[in-house]
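Going by numbering that gives the first Met the number 0, 386 is the number at position 387 of the first sequence; the sequence numbering is gapless.
Remarks on the structure that follows.
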Amino acid sequence: MIDVKLLLEKPKEIKKSLDKRGAKIDIDKIVELDNQRRDHIQKIDNIHKKQNESNETISKLKGKDKEDVIAELRPLVQKEKVLKAELVIIEEKIAKVLMSLPNLPLDDVKAGETDKDNEVIKEEGEKTKFDFKPKDYLALGEKLDIIDIKRAAKVSGTRFGYLKNQAALLEIALVKYVFDILLEKGFKPVIPPALINYEAMKGMGYIEGIDKDEMYHFEKDNQFLIGTSEQSIGPMHMKEIFDAKELPLRYTAYSPCFRREAGSYGKDTKGIIRVHQFSKVEMFSYVLPDKSEEEQELMLSLQEEFVKSLELPYRVVSVCTGDLSFPSSRTYDLECWIPSEKNYRETHSTSNCTDFQARRLKIRYRAKSGNEFVHTLNGTAFAIGRILIALLENHQQKDGSIKIPKVLHPYCGFDVIK
RNA sequence: GGUGGGAUGGCAGAGUGGUCGAAUGCGGCGGUCUUGAAAACCGCUAUACCUGAAAGGGUAUCGGGGGUUCGAAUCCCUCUCCCACCGCCA
């Protein structure tokens, strides 16, 4: 949520910033509503003041004197009720507008409309070359009996997959490998709930943000399956106030992720690149406001370290304003080279959500000048399906076997999949 | 699914209609004492909003919402969550 005070102080700047990412706002309406709000608060406060003043004497009075004072107060009660009801409506209107606005992009984020406008900021490693005709991951996976789409279709439907045999073991290995690195860096490991309530989901900015159809929603319980563990980790500390010395607080979470992929008909329909359920290890940080840019660089550098250690070529793009997610003020995507597509595909993403989620969730820290909202950030450690695809395709050999990167050997117990 | 008990400040925990934003203890901050520290003693120590240049002034908040009342932490209704036991069950 955007700070309403900031919005009233610098309406032009905010409008311009929102404009950059295609969000519209009627500033005059907000100003008008805020005036009404303050007016109502003052009137109500004045009534309360009068009541409080009378209350001090009323308990000392008896008989007719008491009745007289009470009679004077009676009309105020009705007046207050009306004002209060009006105030609730005014505040709801303001909240509705504010909650529907996305986060403000950071100043240096490039303006653009779609992912085509994203800016490549770095390219690392040489695109994998083969002295034979490389296969795509699905052909490899089916031949090796480690990915099974056909049976998943039978059991669940389209966009599901079984990871079997070495692929199943590889998931466990990747998780443990990346956990070990992150624990070393001070991240706290978590297995979060995959089903969260409405308040948590809304607080994280995923109700207004993307099409609601993207999420699995259980109406009877008003609960949502998480699309990323970020949605489960962020609200852990809602309505809490940190001590400044507790920050930064870093978590790494391993969870399943569920996505309806409602808006992607016909896109990536084959295989496991876009599925309804996948596992992911995620990083999540709560930091002091002036440390969030630094924290995002840390997350990005960790992501690069992970990918490099798996001997995968990749590039980093800075996501343009039009492609930012609702709560994000800056996002970097890390894309691994996928030989069969002769293209880079997103395997990692990191977003700086500044105080947007913290404000919605009321996550603060004690500062010298009072309590301030923290900044929150999230980043992928490993999205298992996608990273598996990159591993299979880039490390395939002429005979169809897969060479496993050295760092994973101790974790999975094999150095090749045949 | 059933029955019962709870939810009060950073934490623990009093408070059953007015003078209660709330006793007390712990923790935290500052001070006295001390070469330093501990102990002891003294003082301070919630959040949000309105108003104001500031100092300050005002209002609200005892899990959430509603009700009774001139007045609610306290009485009534309701929701959520937590705990205990019983039943079922991975």
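Cβ atoms here follow ideal geometry from the backbone N, Cα and C, with glycine treated the same way.
Computed from a predicted model, the values in this text were never measured in an experiment.
- Query: So CYS256 is in the beta strand (DSSP E); what residue range does that whole segment cover?
  - Reply: Counting from one through the first sequence, the residue named residue 256 turns up at place 257. Boundaries of the beta strand (DSSP E) around CYS256: 248-257.
- Query: Which value, in whole angstroms, describes the spacing of the CA atoms of PRO409 and ARG344?
  - Reply: For the purposes of this step, residue 409 is taken as residue 410 along the first sequence, with counting starting at 1. For the purposes of this step, residue 344 is taken as residue 345 along the first sequence, with counting starting at 1. Distance between the alpha carbons of PRO409 and ARG344 is about 28 Å.
- Query: Which residues does DSSP pair with PHE277 in a beta bridge?
  - Reply: Residue numbering aside, residue 277 sits at position 278 when the first sequence is read from its first letter. Answer by DSSP bridge pairing, in chain order: CYS256.
- Message: Quick check on the DSSP output: the alpha helix (DSSP H) that includes ARG385 runs from which residue to which?
- Response: Start at 1 with the first residue of the first sequence, and residue 385 comes out as number 386. Here the alpha helix (DSSP H) through ARG385 covers 383-393.
- Query: Identify the residues that DSSP records as bridge partners of ASP242: which are they?
  - Reply: Translated into positions along the first sequence, residue 242 becomes position 243. In the DSSP output, where bridge partners are listed per residue, ASP242 has ARG365.
- Thinking just about the alpha-carbon of each residue, which of SER99, GLU52, ARG20 and LEU105 is nearest to the one in GLN295? Taking the first residue of the first sequence as position 1, residue 295 is located at position 296. Answer by Cα proximity: LEU105.
- Query: Can you give the Cα-Cα distance for ASN351 and SER368, rounded to whole angstroms?
  - Reply: For the purposes of this step, residue 351 is taken as residue 352 along the first sequence, with counting starting at 1. For the purposes of this step, residue 368 is taken as residue 369 along the first sequence, with counting starting at 1. When rounded, the distance between both Cα atoms is 24 Å.
- Query: Contact between the region 127-138 and the region 316-327: three or more CB pairs below 8 Å?
  - Reply: Touching, no.
- Quick one: grab the DSSP three-state call for GLY378. Reading the first sequence from its first residue, position 379 is the one you call residue 378. Correct three-state label for GLY378: strand.
- List the endpoints of the continuous beta strand (DSSP E) containing PHE178. Position 179 of the first sequence, counted from the first residue, corresponds to residue 178. Premise fails: PHE178 lies in the alpha helix (DSSP H), 164-183, not in any beta strand (DSSP E).
- Going by the CB atoms, is the gap between LEU299 and TYR331 shorter than 8 Å? Locating residue 331 in the first sequence gives position 332, where the first residue counts as 1. Locating residue 299 in the first sequence gives position 300, where the first residue counts as 1. Yes, Cβ-Cβ distance for TYR331 and LEU299 is below 8 Å.
- Query: Excluding five sequence neighbours on each side, which residues of the same chain lie with their C-beta closer than 6 Å to the C-beta of GLY156?
  - Reply: Reading the first sequence from its first residue, position 157 is the one you call residue 156. Taken in chain order, the list of residues that qualify is empty.
- Query: Of the residues PHE178, ASP130, ARG259 and LEU97, which one's Cα is nearest the Cα of ASP25?
  - Reply: In the first sequence, counting from the first residue as 1, residue 25 sits at position 26. Between ASP25 and the set PHE178, ASP130, ARG259 and LEU97, the nearest pair of CA atoms involves LEU97.
- DSSP state of ASN51 mapped onto helix, strand, coil: Locating residue 51 in the first sequence gives position 52, counting from the first residue. When secondary structure is reduced to three states using DSSP, ASN51 falls in the helix class.
- Item | Test item: CB-CB of SER284 and ILE190 under 8 Å | Here residue 284 is taken as the residue at index 285 of the first sequence, counted from 1. Here residue 190 is taken as the residue at index 191 of the first sequence, counted from 1. In this structure, ILE190 does not lie closer than 8 Å to SER284 by Cβ.
- With burial defined as no fewer than 16 other Cβ atoms inside 10 Å of the residue's Cβ, what is the status of ALA389: buried or exposed? Translated into the one-based positions of the first sequence, residue 389 becomes position 390. Burial state of ALA389 is buried, judged by a 10 Å Cβ sphere holding 16 or more other Cβ atoms.
- Item | Nonlocal neighbours in the same chain, by C-beta distance under 6 Å from ILE145, ignoring five residues either side | Here residue 145 is taken as the residue at index 146 of the first sequence, counted from 1. Closer than 6 Å at the Cβ level, and outside the excluded window around ILE145, lie LYS163, ASN164, GLN165 and ALA166.
- Can you tell me which of SER339, ILE93, ALA193 and THR346 puts its alpha carbon nearest to the alpha carbon of LEU387? Start at 1 with the first residue of the first sequence, and residue 387 comes out as number 388. Cα-wise, what sits closest to LEU387 is THR346.
- So what's ILE428 in DSSP terms, helix, strand or just coil? Since the displayed the chain opens at 0 and closes at 417, residue 428 lies outside it and no answer follows.
- With a cut-off of 8 Å, do at least 3 Cβ pairs link the region 201-216 to the region 351-361? When C-beta atoms of the region 201-216 are compared with those of the region 351-361, three or more pairs fall below 8 Å, so the two segments count as touching.
- Exposure of LYS279, with buried meaning 16 or more beta-carbon neighbours within 10 Å: Counting from 1 along the first sequence, the entry for residue 279 is found at position 280. Buried: at least 16 other Cβ atoms inside 10 Å.
- Can you tell me which of the three DSSP states TYR197 falls into? The residue you call residue 197 lines up with position 198 of the first sequence. Helix, per DSSP.
- List the residues that DSSP assigns as beta-bridge partners of ASN342. Looking up residue 342 in the first sequence gives position 343. Note: ASN342 is bridge-paired with ILE337 in the DSSP secondary-structure output.
- Task: Could you round the C-beta distance between CYS256 and PHE223 to whole angstroms and report it? I think they count as a contact, below 8 Å.
- Result: Locating residue 256 in the first sequence gives position 257, where the first residue counts as 1. Locating residue 223 in the first sequence gives position 224, where the first residue counts as 1. Their Cβ separation, rounded to whole angstroms, is 12 Å, which puts CYS256 and PHE223 out of contact at 8 Å.
- Could you check what DSSP says for MET298 in three-state terms: helix, strand or coil? Position 299 of the first sequence, counted from the first residue, corresponds to residue 298. The three-state reading of DSSP puts MET298 in helix, counting H, G and I together.
- Is DSSP giving THR438 helix, strand or coil here? Lying outside 0 to 417, the shown extent of the chain, residue 438 is not represented and no answer is given.
- Item | Meets three-Cβ-pair contact criterion under 8 Å: the region 265-272 and the region 232-251 | At 8 Å Cβ cutoff, the stretches do not touch.
- LYS95, buried or exposed, once every other Cβ within 10 Å from all chains shown has been counted against 16: In the first sequence, residue 95 corresponds to position 96, counting from 1. With fewer than 16 neighbouring CB atoms inside 10 Å of its own CB, LYS95 falls in the exposed class.
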